[in-house]
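The structure appears right after this line, and notes come after that.
Residue numbers (full-length UniProt numbering): 1 to 298.
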């Protein structure tokens with residue numbers, strides 16, 4: 001099997017593992033990011049990650065934590081296949097000879113290039129996911145409040161956006177912050193992953209690392225991404241769920257300024273705890289599944 005086919009297959013398996021482990025955390029992250037700023041004297045809809053989990057389960061059941069999973073699940077194969085394949089092809093270009101190890105800087109460059117490519121696929125997928133995750137029905141007891149559910153599923157989001165938000169280009173709303181997240185994020189992720197593996201291996205040859213080492217490297221790589229680009233992800237989320245006819249934000253820079261003005265820098269880190277909680281196990285699972293699958297292929 002050729003290298004491209006191996007990367008496609010292993011990337012698909014890695015992405016599925018990442019999604020299954022991390023989606024509930026991602027749902028809570030988006031709910032916290034996209035909740036409206038409370039009026040003076042009123043509490044926020046969710047007081048924190050735990051409160052968001054409790055209200056989601058009370059109003060929608062455990063299934064509510066997997067809301068919006070259809071869109072990324074349908075495209076996870078393509079997304080991760082493209083990510084790892086683009087990275088693999090850039091590795092081939094930078095290697096002095098087949099099989100030669102790359103430096104951490106070279107791996108970061110490969111990650112940045114892969115980030116450019118996957119942004120095209122990530123933007124509409126993220127828009128669909130965020131639209132579904134942001135809408136919720138909080139129920140139970142006397143505090144029940146009805147919130148109209150606008151979208152019935154991923155395809156409903158696609159139809160509505162194409163019909164009423166400028167056609168297919170409406171699915172690419174938030175492309176600028178998506179790319180601003182994916183390019184540096186992928187560079188950091190692959191760079192930290194390689195640096196950690198080399199540190200644990202005691203040199204450039206990391207082929208002998210065991211699974212526990214790969215889990216540690218993958219977990220640290222995932223956490224490092226959010227530490228670096230989280231505010232960009234917040235901006236992306238609020239842009240993608242913003243009302244099309246009466247937008248609150250004029251663009252990425254305007255969203256950044258308004259969030260900072262109304263909520264301070266803390267507003268740019270809404271949902272940070274579940275994002276970090278998700279990134280470690282999800283990326284550890286992704287890289288481990290990728291490495292195991294790729295090494296098992298003929």
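We put the CB at the ideal spot given by N, CA and C, even for glycine.
Checklist entry - Which one of 161, 111, 230, 151 has the shortest CA to CA distance from residue 186? => result Looking up residue 186 in the chain shown gives position 186. Nearest of 161, 111, 230, 151 to residue 186, Cα basis: 111.
Item to check | C-alpha gap between residue 298 and residue 4, whole angstroms | outcome: In the chain shown, counting from the first residue as 1, residue 298 sits at position 298. In the chain shown, counting from the first residue as 1, residue 4 sits at position 4. Separation of residue 298 and residue 4 (C-alpha to C-alpha, rounded to the nearest whole angstrom) is 13 Å.
Item to check | Ranges of the alpha helix (DSSP H) found wholly within the stretch 67 to 117, counting only runs of at least 4 | outcome: Listed in chain order, the complete alpha helix (DSSP H) runs (minimum 4 residues) inside the stretch 67 to 117 are 70 to 94.
Next on the checklist: Under 8 Å: do the stretch 18 to 38 and the stretch 234 to 246 share three or more Cβ pairs, one atom per stretch?
Outcome noted: Yes, the stretch 18 to 38 is in contact with the stretch 234 to 246.
Next on the checklist: Rounding to the nearest angstrom, what Cα-Cα distance links residue 7 and residue 113 in this structure?
Outcome noted: For the purposes of this step, residue 7 is taken as residue 7 along the chain shown, with counting starting at 1. For the purposes of this step, residue 113 is taken as residue 113 along the chain shown, with counting starting at 1. Rounded to the nearest angstrom, the two C-alpha atoms are 16 Å apart.
Next on the checklist: On the DSSP letters alone, give me the boundaries of the alpha helix (DSSP H) that residue 196 sits inside.
Outcome noted: Numbered from its first residue, the chain shown carries residue 196 at position 196. 175 to 201 is the extent of the alpha helix (DSSP H) around residue 196.
Next on the checklist: Does the stretch 189 to 203 come into contact with the stretch 249 to 265, if we say contact requires no fewer than three beta-carbon pairs (one atom in each stretch) closer than 8 Å?
Outcome noted: Too few Cβ pairs lie closer than 8 Å, so no.
Next on the checklist: Taking 7 Å as the limit between beta carbons, can you name the residues of its chain near residue 23, skipping five residues before and five after?
Outcome noted: As a first step, residue 23 must be located in the chain shown, where it is residue number 23. So the qualifying residues of the chain are 66, 69.
Next on the checklist: Using only the alpha-carbon positions, how far apart do residue 222 and residue 282 sit?
Outcome noted: Within the chain shown, residue 222 is the residue found at index 222, counting from 1. Within the chain shown, residue 282 is the residue found at index 282, counting from 1. Cα-Cα distance, rounded: 8 Å.
Checklist entry - By a C-beta neighbour count over all protein chains shown, 10 Å radius and 16 as the cutoff for buried, is residue 301 buried or exposed? => result Past the edges of the chain, shown from 1 to 298, lies residue 301, and the structure says nothing about it.
Next on the checklist: What does the Cβ neighbour count give for residue 141, buried or exposed, with the cut at 16 atoms within 10 Å?
Outcome noted: Start at 1 with the first residue of the chain shown, and residue 141 comes out as number 141. Here the model assigns residue 141 a pLDDT of 38, short of 50, so the residue's position is not dependable and the matter cannot be decided.
Item to check | Selected residue, minimal CA-CA separation from residue 218, among 279, 156, 164 | outcome: The residue labelled residue 218 in the question sits at position 218 within the chain shown. Closest by alpha carbon: 279.
Checklist entry - Given residue 242, which residues of its chain have a CB within under 7 Å of its CB, disregarding the five upstream and five downstream residues? => result By one-based count along the chain shown, residue 242 stands at place 242. Hits under 7 Å: 248, 249.
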